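A.B. asks:
Residue numbers (the working numbering): 30 to 177.
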């Protein structure tokens with residue numbers, strides 16, 4: 030999904046939030062990140078560079094929470110470390126995260142659906158599809174590790 034920062038600023042205003050220089054910078058970072066998976070700290074650092082000053086972490090978290098509740102951002106855990114956010118895509122997807130190199134792959138949700146259906150049938154367990162990633166090693170890291 031490609032959004033302009035002005036759309037995100039308008040969304041904040043509609044949600045009753047004051048639009049400050051810090052929040053405008055956060056909107057710009059999110060709008061220009063496209064498919065990147067960024068932590069709140071990543072967003073804060075980039076926004077501080079744009080704003081030319083420090084931004085309180087609580088401002089970043091509150092702003093991200095609003096965008097998540099409005100459906101603009103997905104929050105996901107890619108294994109160890111802080112959760113990340115990224116713009117919501119027009120198609121649902123799941124994440125594969127390489128624990129060796131950190132690469133993240135977006136995989137169409139329908140490829141996981143048979144597994145999710147089986148878990149629901151067998152165990153009565155409904156998976157929160159968007160909140161976690163499948164963690165392992167990508168092809169390149171696996172080949173490097175297993176090469177003589």
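In this text, a Cβ means the ideal position worked out from N, Cα and C, and glycines have one as well. Please read all numbers here as calculations on a predicted model, not as lab measurements.
#1: Take the Cβ of residue 124 as the centre, count every other Cβ of all protein chains shown within 10 Å, and call the residue buried at 16 or more, exposed below.
#2: Per DSSP, what are the beta-bridge partners of residue 161 in this structure?
#3: So, are the CB atoms of residue 76 and residue 111 less than 8 Å apart?
#4: What residue does the alpha helix (DSSP H) around residue 170 start on, and which one ends it?
#5: Can you list the beta strand (DSSP E) stretches of 3 or more residues lying completely in the stretch 50-101, in chain order?
#6: Helix, strand or coil for residue 126 per DSSP?
C.D. replies: In short:
#1: As a working mapping, residue 124 is identified with position 95 in the chain shown. So residue 124 counts as buried.
#2: Here the question's residue 161 lines up with position 132 in the chain shown. Answer is 106.
#3: Here residue 76 corresponds to residue number 47 of the chain shown, with the count starting at 1. Here residue 111 corresponds to residue number 82 of the chain shown, with the count starting at 1. Remark: C-beta atoms of residue 76 and residue 111 do not approach each other more closely than 8 Å.
#4: Taking the first residue of the chain shown as position 1, residue 170 is located at position 141. Taken as a continuous stretch (DSSP letters only), the alpha helix (DSSP H) holding residue 170 covers 168-175.
#5: none
#6: Your numbering for residue 126 matches position 97 in the chain shown. DSSP places residue 126 in strand when its eight states are reduced to three.
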